[in-house]
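Peer 1: If you count the sequence shown from 1, position 6 lands on 24 in my numbering, and the numbers rise without skipping. Following this message is one structure expressed as structure tokens.
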Amino acid sequence: MTKIRTFYIGDLKTEAEHLKSGSKIMTEAPEDNNGKGEMFSPTDLFATSLGSCILTIMGISAQAHGFSVDGTRIETEKIMASNPRRVSELKLDIYLPRNDYSEREMRFIETAVKTCPVANSVHPDIIKNITFHLPE
């Protein structure tokens, strides 16, 4: 079980601490909700957690099966809706560093997207649009 302590520190900002490691992150309200846009918003972290989770599961799978996904990056676009205000869509572009993955390796990579715990926790009404890109 992971424990996180979050404080409201004023000026529409929070600071969260991962109690086991002491690692800290801060958030701020987004510009379209009275913030300054100087750091991640809470919904930015929500979107970021999906990409980070996918990359982590890809890395675990690659390590277990003897290949590398080092250098893979994900660019995430978060789309908001209103009434109620919420994340309505997450667009993830996954850029793999090589174009010579075997069919077996690509199956492991694609399975990571489907088995990531964050992906499995996202509400089904949120559209997840995920595209893989290979270098030319």
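Even glycine gets a Cβ: it sits at the ideal position worked out from N, Cα and C.
#1: Is the beta carbon of Lys-109 less than 7 Å from the beta carbon of Ala-65?
#2: With a CB to CB cut of under 6 Å and the five nearest residues on each side skipped, what residues in its chain are close to Phe-85?
#3: Of the residues Asn-147, His-141 and Pro-60, which one's Cα is nearest the Cα of Asn-51?
#4: What residue does the beta strand (DSSP E) around Met-44 start on, and which one ends it?
#5: Going by DSSP, which residues form a beta bridge with Met-98?
#6: Let me check understanding here. Comparing Cα to Cα, which of Met-19, His-151 and Asp-29 lies closest to Arg-91?
#7: Thinking just about the alpha-carbon of each residue, which of Val-105, Leu-30 and Ser-67 is nearest to the one in Pro-135?
#8: Can you tell me where the alpha helix (DSSP H) with Lys-132 in it begins and where it stops?
#9: Which first and last residues belong to the beta strand (DSSP E) in which Phe-25 is found?
Peer 2: In short, the structure shows the following:
#1: Their beta carbons are not under 7 Å apart, which means Lys-109 does not touch Ala-65 by this criterion.
#2: Excluding five sequence positions before and after Phe-85, the CB atoms of its chain that fall closer than 6 Å to its own CB belong to Glu-123, given in chain order.
#3: The option with the nearest alpha carbon to Asn-51 is Pro-60.
#4: Counting along the chain, the beta strand (DSSP E) containing Met-44 begins and ends at 42-46.
#5: Looking at the DSSP assignment, Met-98 forms a beta bridge with Val-105.
#6: Here the closest residue by C-alpha is His-151.
#7: Among Val-105, Leu-30 and Ser-67, the Cα nearest to that of Pro-135 is on Ser-67.
#8: 121-133 is the extent of the alpha helix (DSSP H) around Lys-132.
#9: Unbroken beta strand (DSSP E) run through Phe-25: 22-28.
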